[in-house]
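J.: Protein sequence lines, in the order shown, are assigned to chains E and P. The first sequence begins at 1 in this note's numbering and counts up by one. The second sequence begins at 1001 in this note's numbering and counts up by one. The beta carbon of each residue, even a glycine, is placed where N, CA and C say it ideally should be. Handing you a structure now.
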Amino acid sequence: MKLVEHFAAGLDAPICLTWELTYACNLACVHCLSSSGRRDPRELSTQECKAVIDELQRMQVFYVNIGGGEPTVRSDFWELVDYATAHQVGVKFSTNGVRIDAAAAARLAASDYVDVQISLDGATASVNDAVRGAGSYDMALAALGHLAAAGFRDAKISVVCTRQNISQLDEFKALADRFGATLRLTRLRPSGRGADVWDELHPTMTQQKELYDWLVAHGEGVLTGDSFFHLSAFGSALPGLNLCGAGRVVCLIDPVGDVYACPFAIHDAFLAGNVRTAGFQEVWQHSSLFASLREPQSGGTCASCQHYDSCQGGCMAAKFFTGLPLDGPDPECVQGYGELALAGVSNASVPAPTGDHSHSVASAAGMRAGRGPVPLTLSVRRPDKICEESPLAGLTV
Amino acid sequence: MLTLHPKVSVRPEPFGALLYHFGTRRLSFLKDRRLLDVVHRLDGSTSIEDALSDVPAAEQPAFRAALATLEKTGMLV
C-alpha cells in the first residue's frame, strides 16, 4: 500500500488541523470563508480550549493552524498559545495584524514554537483594502514591520489569489523579501461570504494559467498549502500530495467546537460532530461522515478525463458551494469542464450557508435572501485532494 | 552513534510513523513499522549495525538509506 493510500484511508490523528478560535473579527473581508464578524456566544471557553489542547497532545497532533475570525482578539489568545506550546502542540496562527504591536512581536520572536501568517490580499493598499477593508493594508504592513524589527524570522504573508491581484504576484514576492518573510498563496473558495463574491473575484482562465506558470517558475520557495492542485491539469503536477485531505489528514474545529471535514466546508453537510459532546478524538476516529470521506472514490464524470490523475477532480468545497456534484469537475477546471457544468446549475441548487456570523451591515444571509430552498440531495463523497495545508510540506520521502 | 533529535516527536501510524521536528517544522514519514523499531533502538550508544540486526540483509541497504536521509534532515543526530 502506498503512503498516499494510507492517507486516503485516514490516519489515527490529523496531520494538519485548523482551529478557528473565534468568529469575532475587526474586519469584514468580502470573501471570508467562515463568514466571520460577530462573536458566537457559544464560543469554547478558555478551559474548554485547554481540554481540546490536552486531547491534541494525547493524539500527538504536532501543530494546529489557528485562525478565526481574528484569533488575537480573544482575551485568552496568548494564554492558549502558551498552553499549546507547553503541551507539545505547535502553533501557526493567521492574523490580520491588528494585535501585532512591538510587544507582541517581541513575545513571538522569543518563542521557538509559534509561526505567524499575516493575511494580505493585495500588494497595494487599493487592491487589498477593496477586499479586506479600509486601513487593513497599513495594519498588515505595520505588523510585518514589528515582526521584522523584533527579529521574528520567516513570517508568512498569506495571500488569497483573486482576479484583482494575480497581476501582482511579483510585487507580493518583493514585499515578502522586503520583510524577510515567505510568501504563501492560496486559492479563493466560494465558501462563507466567498460565495457572494466568487463570480467577481475568482481568477479568469487566462489568470489561472498565469498563476500556474508563476508557481512552476518559483517552485518551493513559495508556499501554496497545496491548494492549487486543480491547476496541475495544465501540465506537470505542482508539488504536493495527490489527495484531498478533508476528513482524512485535515479537518477544522470551529469556535463553538463543531468539527468539519475541512476549513472551507463550514456547512451542515460536512459537520462530523462536536468536541463538547464527543471529544475530538471520538469525532476524528469514529464519525460516520469521516468514515464515508475515507472510502475509495470513483472520480465520477471526471474519471474518463486524461487529466484526472493530476487534478483528481479538484476541490470538494469549491464544487459544493457552487452547486456542482462532488464527483464531477471543479468549477475552475482548467480544461473548461467546470464552466460547462456550471451552465446547468440553477441558483436554487446552490447550497445556502448554514452559519453566518457576519456583521449585520455585511450580512451574507441578507445578500442571499433571494435564493431558494436548499436541496439536500448532494451526496458526500470522498474528496479529491488535500487543499488547505500540505502534510508533505518539507517532507522527505 | 545516532539518536533522535530531542525536538523530534514520533507518532506511530498504521503504515509506520510520522516524525515531526519542532525546530525545523519538518515532517517525515517512516513507511515501515520495522524502521520505527530501528529508530527506537538508536539511543546514541547503539551502532547502526546492531540496530539493524533484525532486518534481513537484503533489506538493510534500503534501511540504511532511510536512516541517512533522516540524519541529513536533522531528524537523527
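In the structure shown, what three-state DSSP assignment does residue 156 of chain E receive?
T.: strand
J.: I'd like to know if residue 17 of chain E contacts chain P, where contact means its C-beta is closer than 8 angstroms to some C-beta of that chain.
T.: The Cβ of residue 17 of chain E sits no closer than 8 angstroms to any Cβ of chain P.
J.: Using only alpha-carbon positions, find the residue among E:11, E:280 and E:139 that is nearest to residue 57 of chain E.
T.: It is E:280.
J.: Mind listing the chain E neighbours of residue 1035 of chain P? Cutoff is C-beta to C-beta under 9 angstroms, in chain order.
T.: Going along chain E, no residue has its Cβ under 9 angstroms from residue 1035 of chain P, so there is no contact; the nearest lies around 13 angstroms.
J.: Quick check: the Cα distance between residue 264 of chain E and residue 1074 of chain P, rounded to an integer number of angstroms?
T.: Using only the alpha carbons, I get a separation of about 34 angstroms.
J.: Only counting runs of 4 or more residues, tell me where the alpha helix (DSSP H) segments fall wholly within the segment 287–337 of chain E, in order along the chain.
T.: As far as the segment 287–337 of chain E is concerned, its whole alpha helix (DSSP H) runs of at least 4 residues are 288–293, 308–311 and 316–320.
J.: In angstroms, rounded to a whole number, what distance separates the CA positions of residue 357 of chain E and residue 23 of chain E?
T.: 6 angstroms
J.: Tell me, to the nearest whole angstrom, how far the beta carbon of residue 159 of chain E is from that of residue 185 of chain E; I am working on the premise that it is less than 8 angstroms.
T.: Going by Cβ atoms, the distance from residue 159 of chain E to residue 185 of chain E rounds to 5 angstroms, so yes, they are a contact pair.
J.: Would you mind giving the Cβ-Cβ distance between residue 96 of chain E and residue 126 of chain E, rounded to the nearest angstrom? I have them listed as a contact below 8 angstroms.
T.: Contact flag wrong, Cβ pair sits at about 17 angstroms.
J.: Please classify residue 151 of chain E as buried or exposed, where buried requires at least 16 neighbouring CB atoms within 10 angstroms.
T.: exposed
J.: From the DSSP secondary-structure annotation, give me the bridge partner or partners of residue 93 of chain E.
T.: E:66 and E:116
J.: Find the residues of chain P that neighbour residue 90 of chain E, judging by a C-beta separation of less than 7 angstroms, and give them in chain order.
T.: In chain order, 1022 make up the part of chain P whose C-beta sits under 7 angstroms from the C-beta of residue 90 of chain E.
J.: Kindly give me the distance between the Cβ atoms of residue 398 of chain E and residue 153 of chain E, rounded to whole angstroms, as I take these residues to be in contact under 8 angstroms.
T.: In the structure as shown, chain E starts at 1 and stops at 397, and residue 398 of chain E therefore has no counterpart that could be examined.
J.: Looking at residue 118 of chain E: is its Cβ nearer than 8 angstroms to the Cβ of residue 143 of chain E?
T.: yes
J.: In terms of residue numbering, what span does the alpha helix (DSSP H) encompassing residue 1080 of chain P cover?
T.: Because residue 1080 of chain P is not part of the residues shown, which for chain P are 1001 to 1077, the question remains open.
J.: What are the start and end residues of each continuous alpha helix (DSSP H) run of 4 or more residues lying completely inside the segment 145–195 of chain E, in chain order?
T.: 169–178
J.: In terms of alpha-carbon separation, which member of E:16, E:106 and E:113 lies closest to residue 65 of chain E?
T.: Of the listed residues, the one whose Cα sits closest to residue 65 of chain E is E:16.
J.: Whose Cβ in chain E lies nearer than 8 angstroms to the Cβ of residue 1045 of chain P?
T.: Neighbours of residue 1045 of chain P in chain E, taken as residues at a C-beta separation under 8 angstroms, are lacking, since the least C-beta distance is about 25 angstroms.
J.: Between the segment 233–242 of chain E and the segment 303–314 of chain E, are three or more C-beta pairs nearer than 8 angstroms?
T.: yes
J.: Kindly confirm or deny that the segment 25–40 of chain E and the segment 68–75 of chain E touch, where touching means at least three C-beta pairs closer than 8 angstroms.
T.: Segment contact: the segment 25–40 of chain E against the segment 68–75 of chain E, three or more CB-CB distances shorter than 8 angstroms; contact assigned.
J.: Tell me the residue span of the alpha helix (DSSP H) that contains residue 48 of chain E.
T.: It spans 46–59 - the alpha helix (DSSP H) in which residue 48 of chain E sits, taken as one unbroken run.
J.: Please report how far the alpha carbon of residue 222 of chain E lies from the alpha carbon of residue 241 of chain E, in whole angstroms.
T.: 16 angstroms
J.: Within the same chain, show all residues whose beta-carbon is closer than 6 angstroms to that of residue 76 of chain E, passing over the 5 residues directly before and after it, in chain order.
T.: 46
J.: For residue 173 of chain E, count neighbouring Cβ atoms within 10 angstroms of its own Cβ and tell me buried if that reaches 16, exposed if not.
T.: buried
J.: For residue 326 of chain E, count neighbouring C-beta atoms within 10 Å of its own C-beta (all shown protein chains included) and say buried if the count is 16 or more, exposed if not.
T.: Around the CB of residue 326 of chain E, 16 or more other CB atoms lie within 10 Å, so the residue is classed as buried.
J.: According to DSSP, residue 271 of chain E sits in a beta bridge with which residue or residues?
T.: Paired residue(s): E:260.
J.: Figure out for me which residue from P:1069, P:1076 and P:1034 has the closest Cα to the Cα of residue 1056 of chain P.
T.: P:1034
J.: Quick one: what's got a C-beta closer than 6 angstroms to residue 147 of chain E's C-beta in the same chain, skipping five residues either side?
T.: Excluding sequence neighbours, residue 147 of chain E sits near 105 and 155.
J.: Please list, in chain order, all residues of the same chain as residue 182 of chain E whose beta carbon is under 7 angstroms from its beta carbon, the five residues on each side excluded.
T.: 154, 156, 176 and 223
J.: Is residue 37 of chain E helix, strand or coil by DSSP?
T.: In the three-state reduction of the DSSP assignment, residue 37 of chain E falls in the strand class.
J.: DSSP three-state label for residue 82 of chain E, please.
T.: In the structure shown, the three-state DSSP call for residue 82 of chain E is helix.
J.: Closer than 9 angstroms, Cβ to Cβ, to anything on chain E: give me those residues from the segment 1002–1014 of chain P, in chain order.
T.: 1007, 1009, 1010, 1011, 1012, 1013 and 1014
J.: Counting only C-beta atoms, is residue 60 of chain E closer than 8 angstroms to chain P at any point?
T.: yes
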